[in-house]
Structure formats: structure tokens, C-alpha cells
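Student: Residue numbers are given in the numbering used here: position 267 of the sequence shown equals residue 472, and the series is strictly consecutive.
For glycine and all other residues, C-beta sits at the position ideal for the given N, C-alpha and C.
One structure is given below, represented as C-alpha cells, and several questions about it will come after.
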Amino acid sequence: MEDNEHMAPRQASDGHEDGASLATPESRAALQPRRKPYWHAVDTGRHLGYYKGARSASWHARLFVGAGRYEEILLGKADDSAGADGLMVLNYTQAVARSHEWWSGKGRGVLGGAAARLGLRNRPKRRVQTDRLDEVALAWARERPDLDLSLVGLFLRIKQAHYMHERRLTAISQAVGVDIGELHVLLALRRAGAPYAMRPTDLFKSLLVTSGAMSKRIDRMEGMKLVARVADHEDLRSSNIVLTEAGVAAADKAIVRIADGLAVLRAEIGMSDAQFSEADSYIRRILSVGG
């Protein structure tokens with residue numbers, strides 16, 4: 206038998222429940238709100254947790270790492286008051302599957318009979334990993350269990366995804382020979398279609414920068430022969446910013462690299478077109494009311 210350094214403890218005081226008491230919203234309704242999750246042992250050292258607060262409920266997973274310590278991850282919200290969507294809101298089966306993804310990512314997935322009982326014999330392609338954003342969510346769940354702060358984690362992840370995309374664009378802009386601000390100008394003009402021209406006012410409004418910042422970008426790009434100022438025949442007091450042949454070539458080079466990078470990322474994520482479309486629809490709904 207393994208000693209206590211390797212065997213996960215299962216004291217009643219730790220709030221262990223059988224799977225049936227966590228499997229449905231009706232059975233979970235009988236549980237009392239508490240500061241710590243109710244834990245269900247799926248296998249040795251691997252537990253599925255259900256946290257029930259005064260206003261919200263969520264799924265957690267933990268892994269025994271020895272010396273009485275666990276590593277824990279927030280899996281998502283529980284479907285107690287909202288239908289499960291498999292992304293942000295999970296039912297019991299989805300929570301078990303996501304916890305298994307995380308355990309597999311740690312190299313210690315559910316094995317043998319436990320995997321067969323859960324219908325998870327084949328490992329998923331993608332593995333859920335714990336990160337610092339989970340640590341933020343877990344900290345708030347511990348310190349203020351009376352508050353539903355689940356959306357904080359969502360917005361932190363959206364911000365992180367934007368940062369990841371901008372970091373990729375920065376690398377692409379360097380390969381093209383411009384900075385990232387200038388790359389955004391190239392792409393804005395290129396997607397405008399022939400003759401690839403826009404007024405400076407339209408450019409700085411579409412790219413959400415000040416007019417002064419846009420003027421500096423245009424000056425630099427004009428010096429690199431990527432754009433040219435052309436008089437506006439409809440308004441002689443203003444001019445249009447037009448891509449030169451070199452500017453069109455640079456924009457095309459950049460957008461091809463962007464598409465190639467996104468194709469690799471899509472393959473690494475392992476989501477279907479339908480799943481990407483569904484995720485996009487949820488973000489659209491958030492933005493529609495988020496101002």
C-alpha cells in the first residue's frame with residue numbers, strides 16, 4: 206500500500222460526496238452552501254469538486270501532489286440555474302470530462318476501470334492546463350464566496366487572448382519591416398479594396414487612435430514608400446492615404462502570415478468550426494451589452 210505521501214486522504218471532514226449527490230442540479234440543491242467545495246473522489250489522488258456559494262456554484266478539480274497538498278483548478282460554472290453549454294456552464298458529465306483533460310495534461314489521467322466507467326477511455330486531443338487566471342478565480346472564491354465573480358475570469362481570458370494575438374502580430378510586423386501600429390494601417394487600407402485609399406479621419410477612427418498618432422504613422426510610412434498622400438478631388442482641403450505597390454505587397458505578405466499562424470493555432474486548439482462559431486456568438490452577446 207502507498208504511504209500517506211502518495212495516497213490522497215479521504216476524511217469525512219474534507220467534505221467528500223459520492224457521485225450521485227453531485228450528478229444533477231436537483232441532488233446538488235440538497236447540499237448546503239459552504240466555503241470549500243464538496244469533493245468526489247474519481248480515482249486515487251484525483252477529485253471532482255462542486256463549490257456551492259450563496260449566489261453561484263462552480264466545478265473544480267484537484268490533484269494530490271504529496272505531503273498533504275493538492276493542485277486545484279476551476280473548471281467552470283455549474284448548471285444549477287442555467288443550461289449547460291459545454292464551455293462556460295458545465296453539467297456533471299462535462300465537468301468530469303474537463304477534469305480528466307486536466308489530469309491527462311498533468312500526465313496522470315484517469316486510468317483503467319475508472320476511465321471505462323466514465324466513458325473516457327480515449328484521451329482528448331486538447332488538455333486543459335491550470336494557469337494564473339485560475340489562481341485569481343480560486344482566490345476570490347475562497348475569500349468572497351458570497352459574491353459571484355465568475356465573469357471576472359472570463360474577461361481576463363478575453364484580455365489574455367487579445368494580448369496573444371497582438372504578440373503574434375508584432376512578430377509578423379517585424380518580419381514585414383514595420384511596427385505593429387503601421388501594420389494595422391497597412392491592413393486597414395488593404396481590406397478597403399482598390400484603390401486602397403482612406404481619409405486620415407476614417408483611419409484613426411477605425412483604428413481607435415488619436416489623429417496625432419495617426420499623422421506620425423502616416424509620415425513614417427510615407428517615408429518608407431508604403432503609402433502616399435493623394436489629393437481628394439471631392440474636397441481639395443483634404444487628402445487620401447493610398448497604398449503604394451510596395452504597401453500592397455507588404456500588406457499581402459502580412460495577411461498571408463496571419464492566416465498561416467491562425468491555421469496552426471486552430472489546429473492546436475482542436476475545436477470544430479461549429480464550436481468556434483458558438484464561442485464567437487457568446488462573445489458577440491457579451492459585447493452587445495458591454496458598451
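Assess contact between the region 423-436 and the region 390-399, defined as three or more Cβ pairs (one per stretch) separated by less than 8 Å. Is contact present?
Tutor: Contact holds: three or more Cβ-Cβ distances are below 8 Å.
Student: Per DSSP, asparagine 445 forms a beta bridge with which residues?
Tutor: Val435, per the DSSP bridge assignment.
Student: Pull up the CB-CB distance for methionine 419 and leucine 408, whole angstroms please, since I reckon it's below 8 Å.
Tutor: Confirmed, about 6 Å.
Student: Can valine 381 and alanine 436 be called in contact, C-beta distance under 9 Å?
Tutor: Not in contact: valine 381 and alanine 436 (Cβ atoms no closer than 9 Å).
Student: Is the Cβ-Cβ distance between valine 247 and valine 301 less than 9 Å?
Tutor: Yes, they are a contact pair.
Student: Might you give, ordered along the chain, the residues of its own chain that have their beta carbon closer than 8 Å to the beta carbon of glycine 291, omitting 5 neighbours on each side?
Tutor: Closer than 8 Å at the Cβ level, and outside the excluded window around glycine 291, lie Gln299.
Student: Please give me, in chain order, every unbroken run of the alpha helix (DSSP H) with length at least 4 that falls completely inside the region 344-394.
Tutor: Listed in chain order, they are 355-381.
Student: Output yes or no for whether 9 Å exceeds the beta carbon distance between valine 414 and glycine 452.
Tutor: Not in contact: valine 414 and glycine 452 (Cβ atoms no closer than 9 Å).
Student: How many angstroms separate the CA atom of lysine 410 from the CA atom of threonine 449?
Tutor: C-alpha separation (whole angstroms): 22 Å.
Student: Between the C-alpha atoms of alanine 459 and isoleucine 377, what's the straight-line distance to the nearest angstrom?
Tutor: Each residue's Cα considered, the two are about 6 Å apart.
Student: When the Cα atoms are used, what is the spatial distance from glycine 258 to glutamate 231?
Tutor: Glycine 258 and glutamate 231: Cα-Cα distance of roughly 16 Å.
Student: Distance check for asparagine 445 and tyrosine 256, CA to CA, integer angstroms please.
Tutor: Taking the straight line joining both Cα atoms gives about 58 Å.
Student: Where DSSP assigns a beta bridge to arginine 267, which residues make up the other side?
Tutor: Its beta-bridge partners are His252 and Glu277.
Student: Which residue's Cα is closest to the Cα of arginine 307: Ala484, Arg267 and Gly271?
Tutor: In the sequence on display, residue 307 carries tryptophan and not arginine. Here the closest residue by C-alpha is Arg267.
Student: Report the residue from Gly475, Met403 and Leu374 whose alpha carbon sits nearest the alpha carbon of arginine 462.
Tutor: Checking every option, the nearest Cα to that of arginine 462 belongs to Leu374.
Student: Tell me the DSSP bridge mates of methionine 419?
Tutor: The partner list for methionine 419 (beta bridge, DSSP) is empty, contrary to what the question assumes.
Student: Under the three-state reduction of DSSP, which class applies to lysine 430: helix, strand or coil?
Tutor: Coil.
Student: From the DSSP secondary-structure annotation, give me the bridge partner or partners of valine 469.
Tutor: Bridge partners of valine 469: none, in fact.
Student: Please list, in chain order, all residues of the same chain as glycine 466 whose beta carbon is under 8 Å from its beta carbon, the five residues on each side excluded.
Tutor: Closer than 8 Å at Cβ, skipping near neighbours: Arg373 and Ile377.
Student: Answer with yes or no whether the minimum CB distance from glutamate 340 to chain C is below 9 Å.
Tutor: In the displayed structure, chain C is absent; only one protein chain is listed.
Student: Would you kindly check if the distance between the Cβ of histidine 265 and the Cβ of glycine 273 is under 9 Å?
Tutor: No; because the gap between Cβ atoms is not below 9 Å, this pair is not in contact.
Student: Classify valine 294 as buried or exposed, calling it buried when 16 or more other Cβ atoms lie within 10 Å of its own Cβ.
Tutor: It is buried - the Cβ of valine 294 has at least 16 other Cβ atoms within 10 Å.
Student: By the three-class DSSP mapping on this structure, what secondary structure does valine 341 have?
Tutor: It is helical.
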